[in-house]
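Peer 1:
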Amino acid sequence: MNWIVQNLWLIPALPLLASGIIALTPRKGRARGAALAIGSMGISFLLSVWAFAHVLALRSSGELTTQVFNFHWFQFGNEWLSLGWVLNPLTAVMLVMVTFVGLLIFIFSVGYMAHDENFTRFFCFLALFAGGMLGVVISNSLLLLFMSWEIVGLTSYLLISFWYHKPSAAAAGKKAFITTRIGDLPFFLGMVWLYSQTGTLLFYNNGAGCLEPTAITHMLSQATPLGVCAATAIALLIFCGAVGKSGQVPLHVWLPDAMEGPTPVSALIHAATMVAAGVFLVARVYPLMSAQHSINGMLTTSAALQVVTWVGAITAFFAATIAVAQWDIKRILAYSTVSQLGYMMMGLGVGGVAVGIFHLITHAFFKSLLFLGAGSVIHGCSDEQDIRRMGGLAKYMPVTFAAYAVGMLALCGFPLFSGFWSKDEILHAASTWNVSHVPYFLGAAGALLTAFYMSRQVIYVFFGTLRLAPAAPQDTHGASHAPAQADAHHHGSGAPHESPAVMTVPLVLLSIFAGLLGFAGTAAWPWFQSFLENAPLKLDFGAFTHGGILPVMLTSSVIVLFGLGLGWWFYGRRPIEGAEAPDNLGRLAPAAFNFLGHAAFVDALYGATFIRFNTLLSKISDWFDRWIWNGAVKTVTQTVFGFAHLDNFIDTHVVNSGFDEGCEGLSSGGRLLALLQAGRIQGYLKIIAGALVVFTVLLLWKASI
Amino acid sequence: MSPATSPFPWITTLTALPLAGALLSLALGRNKAMARWTALAFSLLSLALTLILWHNFNSAADGFQFQEIHTWIPSLNVDYRVGIDGLGLLMLLLTAVVVPISIFASWHIEQKVGLYFSLVLSLQACLVGTFTALNFFHWFIFWELGLIPAFFLVKLWGGPGSAKAAMQFLVYTMVGSVAMLLSFLAIFLSTGTFDLTELATMAQNGTLMPAVVTRLNWHLLTPDHVAMIIFCGALLGFAVKVPLFPFHTWLPSTYSEAPSGVTILLTGAMSKMGLYGFLRILLPIFSAEMRSALTLLLWLAVATIVLSAYTAMAQKDLKRIFAYSSINHLGYCLLAIFAVVRFTGGDPLLTSQKFAALDGAFLQMFNHGLTAATLFWFVAMLERRSGGLRGLNDFGGIRKAVPVFTGLMGITLFSSLGLPGLNGFVGEFLIFKGVFPLTMWAASLSIIGLLITALFILSILQRVFSGPLNERWAHLPDLTLGERLALLPTIGLMFVLGLYPQLILGVVNHTAIQMALHLRTF
């Protein structure tokens, strides 16, 4: 077996190890912390490239491109539980993406977090995150994947509440952890169910893995009380985990709040990688998701994939509408992320692994670019996040603006940018879906909204005149970030400034990929798709004209241009009057704008229903504990005391004297004796002594009969 | 039955060692430092001795090891018989680990130091006795004697409500014990033996209950009812100790009123006496009766898990939160123990689920002991710094003042939450892996407990450690070097067991197999 397959574990292990060492590093070891994190990530990146090259080599030599390494972890009963890792095209693509984007964001963080007193801790958590995320990617076992998945959830929690002295950050971290855990618990059940059905949690194991035909066929044949076959039930339970992690409706509420974390965290975890783990999970267990009986030889979509599609399509559209009415630069991007994750899910549902994952990869680049760009903006504007107080920044921050523009066009799906190719594939697949056309229309409407809210954001931030409040903004980061603000004021005296090279260079690198990556997967040369699906590849410009690809492309181009034009019509025609001016769209329909501005009041709805119900339940169970069950105990106690007094009346002499003698022997130091005389201990101890005496007497008496 | 006996009385030595320590620290009580160091030395000596046993234990052998058999009361056919299997050994190790933690957490006790530590060590002796006895007669003596030091430790060194709490604890557990005693007297009168192995064999043959029914001769009741009454008596004793809902209400007040060092002993080791009783006594002897009451028992286990988690969420006192959390964690063990009774026969798939469930329960017992003990240790350290305050709302933002304390307690909290990579996860995974196929509904409902646990644990992190720093605690001292060194092995063990659970499973797995196979032909 090849060296890189055998040692694939090094890729997550290096950042993990770095994180462990940084954890033990004192707070002032800033340089060492950053160097360890970046260094380990750099080596992991090189190893990932090696792994990628290995898969390419396997492919060109015509060998099997899925290679696994499994090992025993622990023993229960007569079997061993095995874990392992798998190197296949999906793993390779994800590894390279995560390590590359991660590396750039690590470097960016050196600049962004430069003034934070917990700089070292930040890199410890980032490295831990990288370890967990890479663990998710390489796992060849659903259990190992779940474990890494939870580690990733932990680091997401730690990093969202990184500025823990802000109550909102602490609350957001908790909300993220709990909301994703709501999805994780059905996932956990699905996992144990899968285990009991197939007897293994290894994905691939020379035909004995749980994703291989034998196991899938077995699960399809098992009926459940719910009326669906076991395969579908398990697939849906696992999908719940993906819904939580990838912020799909109805568990999307945590992701916008997660923007409380430092911006590099939003870029890395809550845009590029972790939130995409749900999509990756669905792709990883795709044989299970798509498993179904063929009815009369017809190929239809499995029930599980239909659910995936619908959830994705609804999320894609719904989140896009909310993004239209947000004011916080990061919250707009957050809802956009939710929406794009919906596209990925939909892509998986209607088009297959390659379609969904292609969008995952392009999105990782352009969305982390947008977030880092937003970070650069926030950094340059002394921690201002409200787009109403920005404006005209193109002049002050040219590099950031150029990079941001590339990211924005890629996200909108502007022709030839990466997002165009990947989103188009999803829409094309949706337009030919054999179940319903509604997801296609939802997706197309979402694309229009995307172009609209992004042009709104860019116009607000980069065009017009500067509306930044001259006074120092309210201290949103509290004490620990105060030095950063002081510093910003020091060299900028309130005026926006371009960020240092350590921040702009990653932006430029990312924008190159955000612009060009799409060409790896066009219809004419679908290298990416053929790589993931191990299909033959050929260059064929005629492919655009097959299967309705060209009409869909043209339609979506028109939609994007229309959305951008609409954005300009609303916000760009006249310069925005001032920070207090109402939104032009809001003027048109205040009620709807307010409704969307509050994210459709989903949080309020959950607060009034689930959370209230949960709190009520805890109060009720506490009340029962105090009054009903404890009342029962008190009754028992009183009864026993009644007996004790009766007993006391009958044989005080016998028990007491016997006990006193025993005590005298014990308490030679005099301490215990003093103790006994001070309290009513004799009475209590008598009960124990009494029980033992009764026990012995009964035994002797029975034995003598 | 001709078990090999041990040439050296290892187990009796292990039982007697803490007693010797108890006497010595009582005698040295005038010098506080001497008493503390003596207690610590003896607890570490016990740990060393237990590790020797661990090392010499043959994890592939059937039956009990290091056995000692001596005729004791011939007229009653009572032998002094002790020995350990994987489960017993695991409980010995847990005891040996928890007692030093308790001593560390009690280091700053200033009143009646000698007596305090001698009671702690006496309790350890009783625990060792309970975990090794193979004859009900002296098993019960240890079981009951353990109450005496526990009672005094709670009452004399506890908080303002400790007298009442100790009384409730004592009476409640006594009632359970008396019920259990009566059941076993009935069994003894019918069978003439207290030997647990013999009783298990008789139960398996189906001769035990008929003998009891004949002997008791209660004409008004059917044989099934008689058997059920005998079972309920025995169940009550253990159900109170673990505890099983709704017999748990003594626990929160006792745990919160007891000094934290004692709470550590109660939750870390004594609560395992109840579970151990379920596994060693109820499961082999009363499987048939458990099976007839299974639906009710499973509901009670689910209630234990879910309701105690919900109740923990409503608490404002850290110790009460952890007390309810303890009930919740042990509820998973009970769930596993009840679920394995379901289904008889030799279906290899179901049997393999039973292996998983029992292995999971064993792991969970150890892990809960370790984690809960460490959590209460942190509470003790916090109380000492805050002058006795330990309310959820008394602090705020102290992570800034005590970063190391926060980090290490955070790890322990996440271990309690069941985070993969730390010790709590594998046990819970194995329990659910085994229980789900055995009883789908109970496992699915119990999963709610995992969610609520996360909720209240994160609330602790949020309210105590995060938010703006409460100025009152701006100068809270962080962990001292000594405290860090003492914590190091404990926290280290959490990681080791999280990453390499085979360390424990390798030792207990054979016992789990034997227990499950015993159930198969019941």
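Same order as they appear, the protein sequences are chains A and B.
Each residue of the first sequence is one higher than the last, beginning at 21 in the numbering used here.
Each residue of the second sequence is one higher than the last, beginning at 250 in the numbering used here.
Glycine is no exception: its CB is placed at the ideal position from the N, C-alpha and C atoms.
Under 6 Å Cβ to Cβ from A:Ala384, same chain only, skipping five residues before and after it: list those, please.
Peer 2: Correct list, in chain order: Met117, Val121 and Ala292.
Peer 1: Contact criterion: CB-CB distance below 8 Å. Does B:Tyr421 meet it with respect to chain A?
Peer 2: Yes, B:Tyr421 counts as interfacial toward chain A.
Peer 1: Assign A:His272 to one of two classes, buried (16 or more other C-beta atoms within 10 Å of its C-beta) or exposed (fewer than that).
Peer 2: It counts as buried.
Peer 1: For B:Thr516 and B:Ser665, I'd like the C-alpha separation in whole angstroms.
Peer 2: Rounded to the nearest angstrom, the two C-alpha atoms are 13 Å apart.
Peer 1: Can you name, in chain order, every residue of its own chain whose Cβ lies under 7 Å from the Cβ of B:Met340, other than the five neighbours on each side?
Peer 2: Here the set comprises Phe380, Lys521 and Tyr525.
Peer 1: In the DSSP assignment, find the unbroken alpha helix (DSSP H) run with B:Gly486 in it and report its ends.
Peer 2: Where B:Gly486 is concerned, the enclosing alpha helix (DSSP H) stretches over Pro472 to Lys490.
Peer 1: Using 8 Å as the Cβ pair cut-off and three pairs as the minimum, do the region 709 to 723 of chain B and the region 572 to 581 of chain B touch?
Peer 2: Touching, no, given that fewer than three Cβ pairs across the two stretches are closer than 8 Å.
Peer 1: With a threshold of 8 Å between beta carbons, is B:Trp259 in contact with chain A?
Peer 2: By this cut-off, B:Trp259 is not an interface position.
Peer 1: Leaving aside the five residues before and after A:Val88 along the sequence, list all residues of the same chain whose C-beta is less than 6 Å from its C-beta, in chain order.
Peer 2: Excluding sequence neighbours, A:Val88 sits near Gly104, Val106, Asn160 and Tyr224.
Peer 1: Give the DSSP bridge partners of A:Cys249, in chain order.
Peer 2: Its beta-bridge partners are A:Ala243.
Peer 1: Within 10 Å of its beta-carbon, does A:Phe630 have 16 or more other beta-carbons around it, so buried, or fewer, so exposed?
Peer 2: With fewer than 16 Cβ atoms within 10 Å of its Cβ, A:Phe630 is classed as exposed.
Peer 1: Using a Cβ-Cβ cut-off of 8 Å, state whether B:Met562 counts as contacting chain A.
Peer 2: For B:Met562, the answer is yes, since a Cβ of chain A falls inside 8 Å of its Cβ.
Peer 1: Counting only beta-carbon separations shorter than 8 Å, does A:His185 have a partner in chain B?
Peer 2: Cβ-Cβ to chain B under 8 Å: yes for A:His185.
Peer 1: Identify whether A:Asp645 lies in helix, strand or coil by the three-state DSSP scheme.
Peer 2: Three-state DSSP puts A:Asp645 in a helix.
Peer 1: Using CA coordinates, which residue listed in B:Glu677, B:Lys568 and B:Leu584 is at the minimum distance from B:Phe705?
Peer 2: Of B:Glu677, B:Lys568 and B:Leu584, the residue nearest in Cα terms is B:Lys568.
Peer 1: I want to see whether chain B comes within less than 8 Å of A:Val528, judged by CB atoms only; does it?
Peer 2: So, not an interface residue.
Peer 1: Answer yes or no: does any C-beta atom of chain B fall closer than 8 Å to that of A:Tyr215?
Peer 2: Judged by the 8 Å Cβ criterion, A:Tyr215 is in contact with chain B.
Peer 1: Would you say B:Ser432 reaches chain A, if we count a Cβ-Cβ gap shorter than 8 Å as a contact?
Peer 2: Not closer than 8 Å to any Cβ of chain A, the Cβ of B:Ser432 fails to qualify, so no.
Peer 1: Kindly list, in the order they appear in chain B, the residues whose Cβ is closer than 7 Å to that of A:Glu99.
Peer 2: Result: Ser601.
Peer 1: Cα separation between A:Gly229 and A:Gly193?
Peer 2: Going by the C-alpha atoms only, they are around 36 Å apart.
Peer 1: Answer with yes or no whether the minimum CB distance from B:Pro492 to chain A is below 8 Å.
Peer 2: No, its Cβ sits nowhere closer than 8 Å to a Cβ of chain A.
Peer 1: Quick check on DSSP: helix, strand or coil for B:Gly594?
Peer 2: If DSSP states are grouped into helix, strand and coil, B:Gly594 belongs with coil.
Peer 1: In three-state DSSP terms, what is B:Gln453?
Peer 2: Three-state result, B:Gln453: helix.
Peer 1: Taking only runs of the alpha helix (DSSP H) that begin and end inside the region 416 to 441 of chain A, which ones reach a length of at least 4 residues, in chain order?
Peer 2: Here the runs fully enclosed are 418 to 432.
Peer 1: Considering only the alpha carbon of each residue, which of A:Pro459, A:Leu431, A:Gly267 and A:Ala624 lies closest to A:Gln477?
Peer 2: When each option's Cα is compared against that of A:Gln477, the closest is A:Leu431.
Peer 1: Against chain A, does B:Thr498 count as a neighbour if the rule is that its beta carbon must be under 8 Å from one of theirs?
Peer 2: At least one chain A Cβ lies under 8 Å of B:Thr498.
Peer 1: Within 10 angstroms of the Cβ of A:Gln405, are there 16 or more other Cβ atoms? Answer buried if so, exposed if not.
Peer 2: With 16 or more Cβ atoms within 10 Å of its Cβ, A:Gln405 is classed as buried.
Peer 1: What separation, rounded to the nearest whole angstrom, lies between the Cα atoms of B:Thr261 and B:Leu294?
Peer 2: Taking the straight line joining both Cα atoms gives about 14 Å.
Peer 1: Note down the Cα distance separating B:Ala271 from B:His387, rounded to an integer number of angstroms.
Peer 2: One C-alpha to the other measures close to 20 Å.
Peer 1: Is the beta carbon of A:Ala394 sitting closer than 8 Å to the one on A:Ile342?
Peer 2: Not closer than 8 Å, so no.
Peer 1: Is the Cβ-Cβ distance between B:Asp473 and B:Asp328 less than 8 Å?
Peer 2: Contact: no.
Peer 1: Quick one: what does DSSP say A:Arg594 is sitting in, helix, strand or coil?
Peer 2: Reduced to three states, the DSSP call for A:Arg594 is coil.
Peer 1: Once the 5 residues before and after B:Thr264 are set aside, which same chain residues still bring their CB inside 6 Å of it?
Peer 2: These residues qualify, in order along the chain: Ala374, Val377 and Gly378.
Peer 1: Does DSSP put B:Asp311 in a helix, in a strand, or in coil?
Peer 2: B:Asp311: coil per DSSP, three-state reduction.
Peer 1: Between the region 638 to 658 of chain B and the region 357 to 368 of chain B, can you find at least three pairs of beta-carbon atoms closer than 8 Å?
Peer 2: Touching, no, given that fewer than three Cβ pairs across the two stretches are closer than 8 Å.
Peer 1: Where does B:Ile318 sit, in a helix, a strand or coil, going by DSSP?
Peer 2: Residue state, collapsed to three classes: strand.
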